[in-house]
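**Q**
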Amino acid sequence: MSRPDSHSAAPPRRAFFTQAGAGVALLALAPGVRLVELALARSDDEPVTSANRWGLLIDTDKCQSGCTECVSACNEEHGIVGHGRPETDAQWIRKVDLKDDQTGHELSIPVLCQHCEEPPCVDVCPTGASFRRDDGIVLVDKHICIGCRYCMMACPFQARSFIHEDLSGQLTHAPRGKGVVESCTLCVHRIDKGEQPACVEACHKEGHHALVFGDLKDSDSELATLNSTVATRELRPELALKTSVRYTSF
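In this note's numbering, the protein residues as written are 62 to 311.
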């Protein structure tokens, strides 16, 4: 599957944003909301339940053009090394520059797996390698993925990558392998320990606070509060995928 440069506004990358709607009034995140409080760390023998649904809110006004700290943090956290081939290099998260043709408003936003409630990647997988946890995180079981790439074709966000090269220096918390498909896991290994995803942590360290992570089912969390008090939108809402990643201010 062809893939343009990760930090470009090439038409193939822009198509789904255009359909998401342009010219939306810019909105600021509500001040004074309580910081997100993650659930207690889950022990290895404790099953994942539907009591939580993890999600992410991205404020496009706060996301700085030219800043790729979220991308760098993701790559470091999961041992992703580029080979200078943007057409095939793995991209779990990428920055996309957009411009509203009507207003001229420009923005730069991160795009990653949207962790859909109705994920098309899961529907088309012939082996069950693509699956959705009860807490809403969409993952790939590398042990049974056969590399057919049906999920890559089904994903309307072009959020999945195929590993073409042999890998070395594997990380125990992020196993990867040649010939299989992978995508953003929301740093599931961190979530299970009660920690923030690496991209969110990096964004906060930069002082941008464009990414808010939390439990959509916890009405007292910052994420749930923002989702109920500011206008947010999904990418490709016409597909009714009920994504766990939402955007505001565009």
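Backbone N, C-alpha and C define an ideal beta-carbon position, used for all residues, glycine too.
1. Starting from L228, follow the beta strand (DSSP E) in both directions and report where the run begins and ends.
2. Q163: buried (16+ other C-beta within 10 angstroms of its C-beta) or exposed?
3. Can you list, in chain order, the residues of its chain whose CB lies under 8 Å from that of K278, leaving out five sequence neighbours each side?
4. Whole angstroms is fine: what's the gap from E267's alpha carbon to C182's?
5. Have a look at C177 and G127 and give me their C-alpha separation to the nearest angstrom.
6. Classify D196 as buried or exposed, calling it buried when 16 or more other Cβ atoms lie within 10 Å of its own Cβ.
7. Mind checking which residues open and close the alpha helix (DSSP H) that includes P181?
8. Give a single yes or no on whether E137 has its beta carbon closer than 7 Å to a heavy atom of the ligand ADP.
9. H139: buried (16+ other C-beta within 10 angstroms of its C-beta) or exposed?
10. Can you give the Cα-Cα distance for L232 and G165, rounded to whole angstroms?
11. Which of the three DSSP states, helix, strand or coil, is assigned to K123?
12. On the three-pair Cβ rule with 8 Å, is the region 132 to 152 touching the region 214 to 224?
13. Based on DSSP bridge pairs, tell me the residues matched to P298.
14. Just to confirm before moving on: does the CB-CB distance between V185 and C206 stay below 8 Å?
15. Residues in its own chain within less than 7 Å of R193 by CB, not counting five upstream and five downstream?
16. Would you kindly work out how many angstroms separate the C-alpha atoms of V242 and L272, rounded to a whole number?
17. Can you tell me whether DSSP reads R221 as helix, strand or coil?
18. Just list the alpha helix (DSSP H) runs in the region 228 to 272, keeping only unbroken ones of 4 residues or longer that don't cross its boundaries, in chain order.
19. Going straight from the alpha carbon of A215 to that of L300, what length do you get?
20. If you follow the alpha helix (DSSP H) that E130 is in, where does it begin and where does it stop?
21. Alpha carbon to alpha carbon, how far is A235 from E107?
22. Mind checking which residues open and close the beta strand (DSSP E) that includes L168?
23. Which residue's Cα is closest to the Cα of V306: H265, G143, I170?
24. Under the DSSP definition of a beta bridge, which residues are partnered with I198?
25. Near A190, which residues of its chain fall below 7 Å by C-beta distance, leaving aside the five closest residues on each side in sequence?
26. In chain order, what residues of the same chain lie with their CB nearer than 6 Å to the CB of V261, ignoring the 5 residues before and after it?
**A** This is what the structure gives:
1. First-last for L228: undefined, no H or E at that position.
2. exposed
3. A112, N113, R114, A285
4. 33 Å
5. 28 Å
6. buried
7. 181 to 185
8. Of ligands this structure carries none, so the ligand ADP is not represented either.
9. buried
10. 43 Å
11. coil
12. yes
13. Bridge partners of P298: none, in fact.
14. no
15. P180, V183, V199
16. 25 Å
17. coil
18. 249 to 252, 259 to 266
19. 12 Å
20. 130 to 139
21. 20 Å
22. 167 to 173
23. I170
24. Its beta-bridge partners do not exist; DSSP assigns none.
25. V201, D202, I205, C206
26. L272, F274
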